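As C-alpha cells, the structure follows; a few thoughts come after it.
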Amino acid sequence: MIHLRHKGGLLVRVGNAGFGHGMAHRLLAGGVADRVLHCAHGSAGDHLAGALILQVPAEGGQPCVRRLGEYAQLWLDSRDITAGTRLNYKSVLNIYWMPHLALTRIDLITPTLLRRIVAGTEWTSSGVKRNAIVKLAAIMRSAVGDGLLQKNPAESMELPKRTKKEVDPFQLAERIIDRLYQTEHWPSLIYAALFEFLFFIGLRISEALALQWQDVGTVHIRRTVALGELKERTKTGSDRFVLLNQRALRALWFAKVYADRRLLGVGRVTSTPHVLPPSKGQVHVKQTSNVHHQWRPTLQVLGIRYRPPYNCRHTYATMCLMSGLNPAFIAQQLGHSVQMLISTYARWINSTSDWGELEKLENGIKSVSEQTRRL
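Be aware that the sequence shown starts at 166, since it is given in my numbering, and climbs by one per residue.
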C-alpha cells in the first residue's frame with residue numbers, strides 16, 4: 166500500500182498491480198500438469214495411462230514418490246503467490262525442465278542429470294539460466310521438507326553471477342514531456358500527463374496506472390496493474406507515503422481536465438475511475454504496450470537514445486540525489502530499502518557528496534593535528 170502526500174494536504178491513494186483469484190485459476194488451467202501429457206518424451210500419455218497424476222500414499226503413512234511434473238503442479242497450487250510470479254514459474258518449468266523431467270520420479274533426479282540438462286540447453290542469457298536453476302531449486306527444497314528427498318539435487322548447481330543492470334537515467338526529461346504535450350490527437354495527451362507524473366514522482370508504472378480518482382484526497386495508494394488485472398498490494402507488500410511535488414500535482418491537474426473533457430465525449434467509455442486511463446475505450450491500461458506505443462516514437466523524433474519507460478523512475482531517483490535529498494527519504498519515496506538505494510545509485514550518491522566528505526576528512530586531520538601538538 167502506498168500513500169502519496171503533498172505538503173498542502175493533498176493525499177493520493179495509488180495501488181499495486183497483481184491478479185485476482187480468477188486470473189490465477191485460469192493460469193493454472195493448462196498448467197504444468199497438462200504439460201506432462203505433451204512433453205518431449207513422445208509417448209508420455211501412454212506412460213501415464215493408469216498411473217496419472219494423483220497417487221495414493223503408501224501403506225504406513227509414508228509419502229509416495231511423485232513425478233516432478235505432478236509435484237511441481239502441487240507445489241504451485243499450494244503457494245500463496247501473485248499470478249505474475251506463478252506465471253513466471255510455470256513458464257520456466259515448461260520451457261526448461263518439464264520436457265526432460267516431467268515423468269521422472271523426483272527421487273531419481275540427480276545433480277549429474279541436472280548438469281546434463283543444463284549443458285544441453287541453449288540459454289539466451291546467464292540471467293535466464295540462473296532464474297531457471299533457482300526456480301527448480303525452490304521446488305526441490307520443498308520436496309526435501311516434505312520428506313520426499315534426502316537432499317536437494319539442484320543445491321550444488323553453480324549459479325551464474327547476477328548481471329547488474331546499469332542505471333541509465335534521462336537528462337532531457339523536459340524535452341520529452343513537452344513533446345508529448347504537443348500531440349494534436351487530444352486523447353493521447355493523457356500519456357503526457359502519465360510520463361510527467363512518472364518523471365517527477367518516481368512511482369513504478371504499474372502503480373501509476375492503478376491510481377484512481379476516489380483515492381485522491383485520501384490516505385492510501387495501494388494498487389498496481391499487471392497483466393491486465395488490479396491487485397491491492399504493492400510490489401514490496403508494504404505501505405509507504407509518497408510526497409507530491411508541484412510537477413506531480415500539475416500532471417494530476419491535467420489528468421482532471423482530461424477526465425472532464427472525456428465525460429462530454431461520445432466514446433464507448435467516457436467515465437473511468439482511473440486517473441491515467443488509456444486513450445482508447447478501456448477503463449484502465451491493461452497492456453504496457455499502450456504506453457510503449459506513445460513512448461518510443463517520441464524518443465525517435467527527438468533523437469534521444471531509447472531507454473524503457475521504467476527509466477523515468479531512475480531519473481527521479483538521480484534528480485533527488487543530485488539535489489542533495491537525504492538517501493533515507495528517497496528510499497522511502499521509491500519503496501526501496503536504504504541498502505538497495507545505495508547499491509543501485511551509488512555513483513550519484515558519491516558524485517554529489519564526495520567533496521563534502523573530503524571536507525570532513527580535512528577538518529578531521531586538522532583536529533587530530535591540534536590534539537597531537539597539545540600532547
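All C-beta atoms, glycine included, are put in the ideal place defined by N, C-alpha and C. It should be emphasised that the depicted structure is a prediction, and the values quoted were computed from it without experimental measurement.
Since residue i and residue j are thought to touch, with beta carbons under 8 Å apart, how far apart are those beta carbons, to the nearest angstrom?
i	j	result
Phe360	Cys485	Incorrect: roughly 18 Å between the Cβ atoms, too far for contact.
Phe335	Ile342	That pair is no contact at about 10 Å.
Ala441	Ala358	Here residue 441 is Leu; the residue named in the question, Ala, does not match the sequence. Contact holds; Cβ gap of about 7 Å.
Ile355	Tyr254	About 35 Å; that fails the 8 Å criterion.
Ile271	Tyr236	6 Å
Measure the alpha-carbon distance for residue i versus residue j and round it to whole angstroms.
i	j	result
Gln377	Ala284	49 Å
His206	Arg306	Any reading at His206 must be qualified, since the residue scores a pLDDT of 39, below 50, and its modelled position is unreliable; the value itself is stated next. Rounded to the nearest angstrom, the two C-alpha atoms are 26 Å apart.
Glu339	Ala413	13 Å
Ala248	Val257	14 Å
Asp242	Leu233	14 Å
Phe419	Thr435	16 Å
Trp240	Ile304	7 Å
Lys329	Glu349	40 Å
Ile507	Arg231	45 Å
Ser290	Leu409	39 Å
Pro474	Thr480	10 Å
Thr509	Pro492	12 Å
Tyr346	Ala482	23 Å
Gly160	Lys294	This structure cannot speak to residue 160, because the chain is shown only from 166 to 540.
Leu202	Met505	Here the model assigns Leu202 a pLDDT of 41, short of 50, so the residue's position is not dependable and the matter cannot be decided.
Leu464	Asn455	15 Å
His265	Glu287	14 Å
Ile260	Pro438	39 Å
Ile514	Phe494	13 Å
Val407	Ile246	26 Å
Ile298	Ile282	11 Å
Ile469	Lys421	30 Å
Glu331	Gly292	14 Å
Met188	His458	Unreliable placement is indicated for Met188, whose pLDDT of 32 sits below 50; no coordinate value is reported for it.
Leu417	Met263	48 Å
Arg426	Arg369	27 Å
Leu217	Gln238	Because the pLDDT of Leu217 is 31, which lies under 50, any placement of that residue in the model is unreliable, and the number read from its coordinates should be weighed accordingly. Leu217 and Gln238: Cα-Cα distance of roughly 13 Å.
Gly489	Arg327	30 Å
Asp380	Thr269	51 Å
Gln498	Gly312	44 Å
Gly500	Ser371	13 Å
Asn296	Arg415	41 Å
Thr250	Asn528	51 Å
Arg244	Gln411	42 Å
Leu337	Ala375	26 Å
Glu323	Leu428	58 Å
Gly430	Gly310	59 Å
Lys316	Met487	50 Å
Short check: CB of residue i to CB of residue j, under 7 Å?
i	j	result
Leu301	Ala308	no
Pro318	Leu279	yes
Arg461	Asp333	no
Leu467	Arg344	yes
Ala496	Val503	yes
Phe365	Ala373	no
Pro352	Ser321	no
Name the DSSP beta bridge partners of residue i, please?
i	result
Ile232	Inspection of the sequence shows that residue 232 is occupied by Arg rather than by Ile. Arg232 pairs with Arg270.
Gln377	His439
Is there at least one Cβ from chain C nearer than 7 Å to residue i's Cβ?
i	result
Tyr423	Within the model displayed, chain C is absent; a lone protein chain is all it includes.
Given 6 Å as the limit, tell me if residue i has its C-beta closer than that to any heavy atom belonging to the ligand ADP.
i	result
Thr435	As far as ligands go, the structure on display features none, and thus does not contain the ligand ADP.
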